[in-house]
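Q:
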Amino acid sequence: MESNFIYKEGRLYVILMEKTVKKEDFIGRDFVSIDDFSFDEINFVLNHAKHIEDNFQDYKDNLSRKLMAPLFFEGSTRTNTSFQAAMIHMNGRILDFDVSQSSVKKGEILRDTVKVIERYRPDIMVVRHNLDGSAILVADSVKVPVINAGDGKNQHPTQTLLDLYTIKQIRENINGTKIALIGDLKYGRTVHSLALALSGYSDCEIEFISPDSLKMPAYLLEKLKSKIKFSEYGLERLNNLNKEFNIIYMTRVQRERFPEGPEGKEEYDKVCKEYHLKKQMLKEVDSDFKILHPLPKVHEIEPEIDDMPYAYYFDQLGNGLYIRMALLDLLVKK
Amino acid sequence: MNDKIIGYIENGIVIDHISLGKVFEIASLLDLGTQEGRVSLGEGYESGKIGKKGILKVEGMVLSNYEINLIALIAEHASVSIIKEGKIADKYRTEIPNVLKGIVLCPNLACISNDVNQMVISLINFKDNLFKCHYCSKEFRKDELRLRKI
Numbered sequence: 474m475e476s477n478f479i480y481k482e483g484r485l486y487v488i489l490m491e492k493t494v495k496k497e498d499f500i501g502r503d504f505v506s507i508d509d510f511s512f513d514e515i516n517f518v519l520n521h522a523k524h525i526e527d528n529f530q531d532y533k534d535n536l537s538r539k540l541m542a543p544l545f546f547e548g549s550t551r552t553n554t555s556f557q558a559a560m561i562h563m564n565g566r567i568l569d570f571d572v573s574q575s576s577v578k579k580g581e582i583l584r585d586t587v588k589v590i591e592r593y594r595p596d597i598m599v600v601r602h603n604l605d606g607s608a609i610l611v612a613d614s615v616k617v618p619v620i621n622a623g624d625g626k627n628q629h630p631t632q633t634l635l636d637l638y639t640i641k642q643i644r645e646n647i648n649g650t651k652i653a654l655i656g657d658l659k660y661g662r663t664v665h666s667l668a669l670a671l672s673g674y675s676d677c678e679i680e681f682i683s684p685d686s687l688k689m690p691a692y693l694l695e696k697l698k699s700k701i702k703f704s705e706y707g708l709e710r711l712n713n714l715n716k717e718f719n720i721i722y723m724t725r726v727q728r729e730r731f732p733e734g735p736e737g738k739e740e741y742d743k744v745c746k747e748y749h750l751k752k753q754m755l756k757e758v759d760s761d762f763k764i765l766h767p768l769p770k771v772h773e774i775e776p777e778i779d780d781m782p783y784a785y786y787f788d789q790l791g792n793g794l795y796i797r798m799a800l801l802d803l804l805v806k807k
Numbered sequence: 003m004n005d006k007i008i009g010y011i012e013n014g015i016v017i018d019h020i021s022l023g024k025v026f027e028i029a030s031l032l033d034l035g036t037q038e039g040r041v042s043l044g045e046g047y048e049s050g051k052i053g054k055k056g057i058l059k060v061e062g063m064v065l066s067n068y069e070i071n072l073i074a075l076i077a078e079h080a081s082v083s084i085i086k087e088g089k090i091a092d093k094y095r096t097e098i099p100n101v102l103k104g105i106v107l108c109p110n111l112a113c114i115s116n117d118v119n120q121m122v123i124s125l126i127n128f129k130d131n132l133f134k135c136h137y138c139s140k141e142f143r144k145d146e147l148r149l150r151k152i
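Chains as they are written, first to last, in the working numbering: chain A, 474 to 807; chain S, 3 to 152.
(1) Using three-state DSSP, classify S:N71 as helix, strand or coil.
(2) Give me, in chain order, the residues of the same chain whose beta-carbon lies closer than 8 Å to that of A:S537; leave out the 5 immediate sequence neighbours on both sides.
(3) Report all residues from its chain with a CB closer than 7 Å to the CB of S:N4; omit the five preceding and five following residues, and keep chain order.
(4) Quick test of your reading: A:D636 and A:L765, contact by CB under 8 Å. State the CB separation rounded to the nearest angstrom.
(5) Using only the alpha-carbon positions, how far apart do A:Y722 and S:V64 sit?
(6) With contact counted as at least three CB pairs below 8 Å, one residue from each stretch, are the region 759-775 of chain A and the region 682-690 of chain A in contact?
(7) Does the contact criterion of 3 or more C-beta pairs under 8 Å hold for the region 605-616 of chain A versus the region 568-576 of chain A?
(8) What residue from S:I70, S:D18, S:R40, S:E69 has the CA that sits closest to S:G56's CA?
(9) Give the residues of chain S in contact with A:K626, contact being defined as C-beta atoms less than 7 Å apart.
(10) Chain A beta carbons: is any one of them nearer than 8 Å to that of S:V118?
(11) Which partner residues of A:N621 appear in the DSSP bridge assignment?
(12) Taking Cβ positions only, does A:D605 come closer than 8 Å to chain S?
(13) Go ahead and label A:K641 buried or exposed: buried means 16 or more other beta carbons lie within 10 angstroms of its beta carbon, across all protein chains shown.
(14) For A:D593 and A:D531, I'd like the C-alpha separation in whole angstroms.
(15) Which runs of the alpha helix (DSSP H) at least 4 residues long sit entirely within the region 524-577 of chain A? Give them in chain order.
(16) Rounding to the nearest angstrom, what Cα-Cα distance links A:Y720 and A:I652 in this structure?
(17) Which bits of chain S does A:S506 rub up against, with CB to CB less than 8 Å?
(18) With a Cβ-Cβ cutoff of 8 Å, do S:K9 and S:G62 count as a contact?
(19) Quick check: the Cα distance between S:R95 and A:L604, rounded to an integer number of angstroms?
(20) Looking at S:E12: is its Cβ nearer than 8 Å to the Cβ of S:E87?
(21) Going straight from the alpha carbon of A:A784 to that of A:E777, what length do you get?
(22) List in chain order: all unbroken alpha helix (DSSP H) runs of 4+ residues lying wholly within the region 6-80 of chain S.
(23) What separation, rounded to the nearest whole angstrom, lies between the Cα atoms of S:E141 and S:I76?
(24) Going by beta-carbon coordinates alone, are A:I597 and A:M541 separated by less than 8 Å?
(25) Express the C-alpha separation of S:V118 and A:H521 in angstroms, rounding to a whole number.
(26) Less than 8 Å between the C-beta atoms of A:G649 and A:D676, yes or no?
(27) Please state if the CB of A:V494 and the CB of A:A608 are separated by a distance shorter than 8 Å.
(28) Return the CA-CA distance between S:V1 and S:I114, expressed in angstroms with no decimal places.
(29) Is any heavy atom of the ligand SAM found at a distance shorter than 7 Å from the C-beta of A:K626?
(30) In the region 549-581 of chain A, which residues sit with their C-beta less than 9 Å from some C-beta in chain S, listed in chain order?
(31) Check whether the region 695-705 of chain A and the region 661-673 of chain A are in contact - that is, three or more C-beta pairs closer than 8 Å.
(32) Cβ of S:S81 within 8 Å of Cβ of S:K93?
(33) Could you check what DSSP says for A:F731 in three-state terms: helix, strand or coil?
(34) Since A:L610 meets chain S, which of its residues come closer than 7 Å, beta carbon to beta carbon?
(35) Identify which residue in S:Q120, S:K59, S:L149 has its Cα closest to the Cα of S:L102.
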């Protein structure tokens with residue numbers, strides 16, 4: 474809240490106003506968690522990304538001579554490529570940092586590595602690392618802004634932004650979205666962040682659909698219960714998809730989430746058999762129904778669905794470009 | 003029962019109002035077995051405030067901030083008296099600090115603060131009876147704490 478003071482007829486009035494988010498508010502800030510931005514700031518980023526998408530050429534020199542250090546200590550194809558493309562589309566430059574050739578292999582600690590890279594004067598760092606909390610450690614260690622491109626199983630906040638952007642693109646308004654989050658809800662960081670982010674909007678409803686062993690963690694349901702309407706179902710719910718749903722968001726179920734040995738394999742195979750979206754399951758859905766997936770998908774969606782108008786996951790992935798362009802444009806000091 | 007029977011000290015510390023069953027845990031964490039001064043400890047004393055309590059007296063000991071924070075985590079609201087020349091020179095209640103640096107380990111084993119190669123000192127924030135790791139942002143309860151013993 475911002476406040477304004479008016480002195481009128483011998484009285485002092487204090488007027489409380491919603492803070493207006495400005496572009497300058499973002500300069501030099503880190504984005505390591507979705508909580509780093511307020512609700513209004515998140516919406517500002519989404520609108521900025523939309524402006525970039527609609528006026529792409531206007532941004533072609535926005536990061537001219539600016540340098541991004543992509544520090545991908547863990548393999549990433551899509552996120553890394555999308556950040557690099559975002560930088561190049563705004564005429565920025567990219568520091569070539571290959572972790573396989575770096576001192577990390579010699580046992581250098583992360584804090585030292587990023588402090589060394591900082592001496593080469595990048596304007597922003599983008600970090601992916603396999604350990605939870607690594608992005609905050611990097612942000613604490615350097616003065617340049619840091620974007621978290623995924624820290625272990627913890628946060629992947631740019632994915633959350635692109636998911637929100639995609640929902641807004643599909644429905645024009647995030648408020649009132651009825652969405653089903655499906656698959657690995659226990660370990661999937663994208664569905665956790667998305668559910669929390671959606672709870673900030675009004676009149677949204679979530680159905681959590683998962684095998685018993687991969688249900689949404691209780692602590693997250695506790696956090697959500699006073700903020701958003703939700704219900705839980707087993708995978709059989711996939712046979713009842715109807716016009717009530719605007720969007721379903723599917724996630725990959727990974728073999729390593731199940732116990733080792735034959736019992737674990739049996740359970741995994743059973744889930745794979747049940748967790749398979751087929752063309753025939755979509756007979757009753759609305760014409761503007763959409764399917765999202767953070768990708769990569771494996772066997773959870775029948776390949777024929779890719780060609781149906783409901784499949785929106787490749788557009789969703791493409792939206793990562795506008796979101797990352799928006800973030801780089803806002804955080805980098807010009 | 004009168005707590006005086008567990009020994010008079012001239013200089014040192016008295017930790018009183020320790021929750022029942024926690025005296026030996028504190029003695030172990032403070033490594034009192036290696037103390038040169040006389041150590042007296044007792045359990046099951048009557049207390050008007052907490053029912054039954056434990057008491058610990060150590061001759062010649064000075065507590066560091068780290069040790070005070072450890073005591074607070076095990077027995078919140080215990081009282082610590084500093085004894086000088088047979089008299090109470092100072093007395094205070096232990097309270098869990100808002101920030102615990104290097105005292106408690108994050109229970110999330112995948113957290114960077116638990117990776118020995120990264121040499122990160124744990125940093126845990128305490129608020130509203132919940133502990134939250136500064137790095138991985140995981141929240142946890144007191145019973146999930148893992149104390150880092152020096």
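From the three backbone atoms N, C-alpha and C, an ideal C-beta is built for every residue, glycine too.
A: Reading it off the structure:
(1) helix
(2) M563, N564, G565
(3) Legend: pLDDT at S:N4 = 47, less than 50; position of this residue unreliable, value from coordinates given subsequently. Taken in chain order, the list of residues that qualify is empty.
(4) 7 Å
(5) 59 Å
(6) no
(7) no
(8) S:D18
(9) A112
(10) no
(11) A:V600
(12) yes
(13) buried
(14) Reading off the sequence shown, one finds Tyr at residue 593 of chain A, where the question assumed Asp. Rounded to whole angstroms, A:Y593 to A:D531 spans 29 Å at the Cα level.
(15) 551-562
(16) What sits at residue 720 of chain A in the sequence shown is Ile, not Tyr. Cα-Cα distance, rounded: 5 Å.
(17) S139
(18) Checking the sequence shown, residue 9 of chain S turns out to be Gly, not Lys. Contact flag unset, no.
(19) 38 Å
(20) yes
(21) 10 Å
(22) 25-31, 67-76
(23) 19 Å
(24) yes
(25) 41 Å
(26) yes
(27) no
(28) In the structure as shown, chain S starts at 3 and stops at 152, and residue 1 of chain S therefore has no counterpart that could be examined.
(29) Looking for the ligand SAM in the displayed structure turns up nothing, as the structure carries no ligands at all.
(30) G580
(31) yes
(32) yes
(33) coil
(34) I114, V122, Y137
(35) S:L149
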